[in-house]
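S.K.: Below is one structure. I have some questions about it.
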Amino acid sequence: MATELDQLSASAIAAGVVAGDFTATEVARASLAAIEARDGEVAAFLQVSPELALAAAKATDDAIAAGEKVGPLAGVPVAFKDNMHLVGTRTTCASRMLADYDSTYTATCVSRLLDAGATPMGKTNMDEFAFGSSTETSHFHRTYNPWDTERVPGGSSGGSAASVAAGEVPVSLGSDTGGSIRQPAALCGVVGMKPTYGAVSRYGVVAFGSSLDQVGPFGRTVGDVALAMNALVAGGRDPRDCTSQDCPVDFLEHLDDPVEGRRVGIIPELMEAKGLTDEVKSAVEGAARTLESQGAELVEVDLPHMGDSIAAYYVIGPCEAFSNLARFDGVRYGYQEPGCATLAEQSSRSRAAGFGPEAKRRQMLGAYLLSSGVYEKYYYRAQQARTLITQDYAAAYERVDVILMPASPRSAFKFGEISDPTEMYLSDMYTISINIAGNGGISVPLGLGADTHLPVSAQLVGPAFKDRSLLTFARALERGTDAGAGMGDGAPVAPDFVGRGGDLA
Ligand code: GLN
């Protein structure tokens, strides 16, 4: 059987494994071969886990041989962002602080994919503790955009996005606190979804901003993302995460429904924002026409407080991060600097040596913003802005079913091109307000930009817990997107990587 893994969707792999066209072990070996052949250039992985992968694949094959029922992700190779615990792997958060940290338990999001039959291929690179938009703040190494290896893959889940774009795995998981799934998906030309806050358990995912963090899947097709979503919510609410909720929904059920007669919100002001490139603007305008041509109605809506979202996020996020990262003190967790005379010295020197510059910046900002006198001026006001932004979305959803906007204001940038942190923070100008309001968002590839010839994407944003409807719109966009750009029915593997290793021999 000479099908190439990099051309197979997750659903085709699961169907083929169940039908006996190939075994989960063959698929796992093909994924390992693809990683071997490609990751030297892409560097998406921090750790590859061949033993775990082959053991899981064998268990799937044995279950099939014994006539047992297997899950919907049977034999599908998956990769996990390295802030997700998986017993048998380290969980480093791409930080020196956790460079040697062995996972002592497995995150719910990970175990749910494994329970559905997925094969764990390893852990992917990220910005340190998920602070960043380019994966450049990883302590270990860069990850290279498979479409142009002189450019960043986006971040912070850059490794997860790149592993899918390079055809190493068909599905991966990332986490999104302010855009870290949707922005790298946009820069790597794959689908990436941040579900509604609470839809997916955060148990076992190293916390950044607890009121903002949400786990979600990457895939090359909307269908694969829906398949992974089904596995993530299967089993219902996770009692180990008090914010987790029951999502008794089959995300595949209405995936191909028509969008005729449904209303798509457009925000003209967002399309004029400074920093939005012409090619992304015209691609998103094209996406609006695509949905309109399928009978959807375009409706202008307004989010008057959207302009405050970056400021609110860069107050709330660092405050929560400061509190969450206090545990890494070299005593209970994390790197311990040797030769310290007192506990205070040990904590301070371990933290100074264990964290990189961006992680320090965020924590110092958080410490300052939470200090007395300052708290009222910033944190309190940021929470007020959060309420207004959430109310803006709620008002808009009284008039529309979904909102269409860019995912990233531009295509992938070069390494080092953005060195000013505040300029980097603008990478998430279109994604952050969705974490603030807590609703779901998905990045859908639109083909290659007219000017840079790099992937460009649109973002669809839906009301809270209407993630199934969000996927239906995403599928409509995918179906209608011009295949001339090479991405008609799901995004392809980046061209340089097609057919390189990974044959399902
Ligand atoms: N880029 C944003 C930040 O740096 C978002 C990160 C994320 O979603 N984890 O905070």
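In numbering that gives the first Met the number 0, the protein residues as written are 0 to 504. Every residue, glycine too, gets a C-beta built ideally from N, C-alpha and C.
So what's Val279 in DSSP terms, helix, strand or just coil?
M.R.: Residue state, collapsed to three classes: helix.
S.K.: Would you call the CB atoms of Met83 and Leu172 closer than 9 Å?
M.R.: Against a cut-off of 9 Å, the Cβ pair of Leu172 and Met83 comes out as a contact.
S.K.: Tell me the DSSP secondary structure of Gly191 in three-state form.
M.R.: It is a strand residue.
S.K.: Assign Val571 to one of three DSSP states: helix, strand, or coil.
M.R.: In the structure displayed, the chain extends from 0 to 504; residue 571 sits before or after that span and is not available.
S.K.: Cβ of Phe496 within 9 Å of Cβ of Val189?
M.R.: No, they are not a contact pair.
S.K.: Give me the Cα-Cα distance between Gly203 and Thr90, rounded to the nearest whole angstrom.
M.R.: Cα to Cα, the separation comes out at about 10 Å.
S.K.: I'd like to confirm the pairing. Which residues does DSSP put opposite Ala164 in its beta bridges?
M.R.: Beta-bridge pairing links Ala164 to no other residue.
S.K.: For a test of your reading of the model: does the CB of Met423 fall under 8 Å from any non-hydrogen atom of ligand 1? Yes or no.
M.R.: Met423 Cβ: within cutoff of ligand 1.
S.K.: For His140, which residues in the same chain have their Cβ closer than 6 Å to its Cβ, ignoring the five residues on either side in sequence?
M.R.: So the list reads Ala42, once near-sequence residues are dropped.
S.K.: Which same chain residues end up closer than 7 Å to Gly333 when comparing Cβ atoms and leaving out the 5 residues on each side of it in sequence?
M.R.: Within the same chain, Gly333 has close Cβ partners Met96, Leu97, Phe327, Ser349 and Gly353.
S.K.: Can you check the segment 419-474 for any beta strand (DSSP E) of at least 3 residues that lies completely inside it and give the ranges in chain order?
M.R.: Whole beta strand (DSSP E) segments, 3+ residues: 439-447 and 454-461.
S.K.: Applying the criterion that 16 or more other CB atoms from any shown protein chain within 10 Å of the CB defines a buried residue, is Lys376 buried or exposed?
M.R.: So Lys376 counts as exposed.
S.K.: State yes or no: is the C-beta of Ser102 nearer than 8 Å to some heavy atom of ligand 1?
M.R.: Every heavy atom of ligand 1 is 8 Å or more from the Cβ of Ser102, so no.
S.K.: Do Tyr429 and ligand 1 come close, with the Cβ less than 8 Å from some heavy atom?
M.R.: Answer for Tyr429: no, Cβ out of range of ligand 1.
S.K.: Give the secondary structure of Gly483 by DSSP, where H, G and I count as helix, E and B as strand, and everything else as coil.
M.R.: Because Gly483 sits at a pLDDT of 37, beneath the cut-off of 50, its placement in the model cannot be relied upon, and the following sentence gives the value as read from the coordinates. Three-state DSSP puts Gly483 in a helix.
S.K.: Taking the CB atoms as reference points, tell me whether Cys505 and Trp146 lie closer together than 9 Å.
M.R.: With the chain covering 0 to 504 only, the question about residue 505 has no answer from this structure.
S.K.: State the beta-bridge partners of Val170 as determined by DSSP.
M.R.: Val170 pairs with Val77 and Gly218.
S.K.: Tell me the residue span of the alpha helix (DSSP H) that contains Thr105.
M.R.: Per DSSP, Thr105 belongs to no alpha helix (DSSP H) and is neither H nor E.
S.K.: Among residues of its own chain, excluding the 5 on either side of Phe461, which ones have a beta-carbon nearer than 7 Å to its beta-carbon?
M.R.: The residue you asked about is not Phe; residue 461 is Gly in the sequence shown. The answer, listed in chain order, is Val401, Asn438, Gly439, Ser468 and Leu469.
S.K.: Looking at the structure shown, is Asp256 part of a helix, part of a strand, or coil, going by DSSP?
M.R.: Coil at Asp256, not helix or strand.
S.K.: Do Gly131 and Val170 come within 9 Å of each other at the CB atom, strictly closer than that value?
M.R.: Going by C-beta atoms, Val170 is not nearer than 9 Å to Gly131.
S.K.: Given this structure, state the Cα-to-Cα distance separating Val283 from Ala340, to the nearest angstrom.
M.R.: About 59 Å.
S.K.: How would you call Pro216, buried or exposed, if buried means at least 16 neighbouring beta carbons within 10 angstroms?
M.R.: Answer is buried; the Cβ neighbour count reaches 16.
S.K.: Does ligand 1 have even one heavy atom less than 8 Å from the beta-carbon of Glu126?
M.R.: Rather than Glu, the amino acid found at residue 126 in this sequence is Asp. It does: the Cβ of Asp126 is within 8 Å (strictly closer) of some heavy atom of ligand 1.
S.K.: Consult DSSP for Arg380 and reduce its assignment to one of helix, strand or coil.
M.R.: DSSP places Arg380 in helix when its eight states are reduced to three.
S.K.: The beta strand (DSSP E) that contains Gln335, what's its start and end?
M.R.: Per DSSP, Gln335 belongs to no beta strand (DSSP E) and is neither H nor E.
S.K.: What does the alpha-carbon distance come out to for the pair Ala9 and Lys413?
M.R.: Ala9 and Lys413: Cα-Cα distance of roughly 31 Å.
S.K.: Going by beta carbon distance, what residues of the same chain come within less than 7 Å of Cys318, once the five residues before and after it are set aside?
M.R.: Gly365, Leu368, Leu369 and Tyr378, listed in sequence order.
S.K.: What is the DSSP secondary structure of Thr22, reduced to helix, strand or coil?
M.R.: Reduced to three states, the DSSP call for Thr22 is coil.
S.K.: Drop a sphere of 10 angstroms on the beta-carbon of Lys273, count the other beta-carbons inside from all chains shown, and report buried for 16 or more, exposed for fewer.
M.R.: The residue in question, Lys273, is exposed, as its Cβ has fewer than 16 Cβ neighbours within 10 Å.
S.K.: Assign Leu85 to buried or exposed, taking buried as 16 or more other Cβ atoms, counted over all protein chains shown, within 10 Å of its Cβ.
M.R.: Buried, since its Cβ has 16 or more Cβ neighbours within 10 Å.
S.K.: Should the segment 21-33 be called in touch with the segment 233-251, which here means at least 3 C-beta pairs below 8 Å?
M.R.: The segment 21-33 vs the segment 233-251: no contact.
S.K.: Going straight from the alpha carbon of Pro76 to that of Ala54, what length do you get?
M.R.: When rounded, the distance between both Cα atoms is 12 Å.
S.K.: Using a Cβ-Cβ cut-off of 7 Å (strictly less than) and excluding sequence neighbours within five positions of Ala320, which residues of its own chain qualify?
M.R.: These residues qualify, in order along the chain: Phe207, Gly208, Arg361, Gln362 and Gly365.
S.K.: According to the neighbour-count rule (16 or more other Cβ atoms, all chains shown, within 10 Å of its Cβ), is Met486 buried or exposed?
M.R.: Its pLDDT being 39, under 50, Met486 is placed unreliably in this model, and the value from its coordinates should be taken loosely. Classification of Met486: buried, given that the 10 Å Cβ count is 16 or more.
S.K.: Is Tyr312 a contact residue of ligand 1, with contact defined as CB to any heavy atom under 8 Å?
M.R.: Yes, the beta carbon of Tyr312 sits closer than 8 Å to at least one heavy atom of ligand 1.
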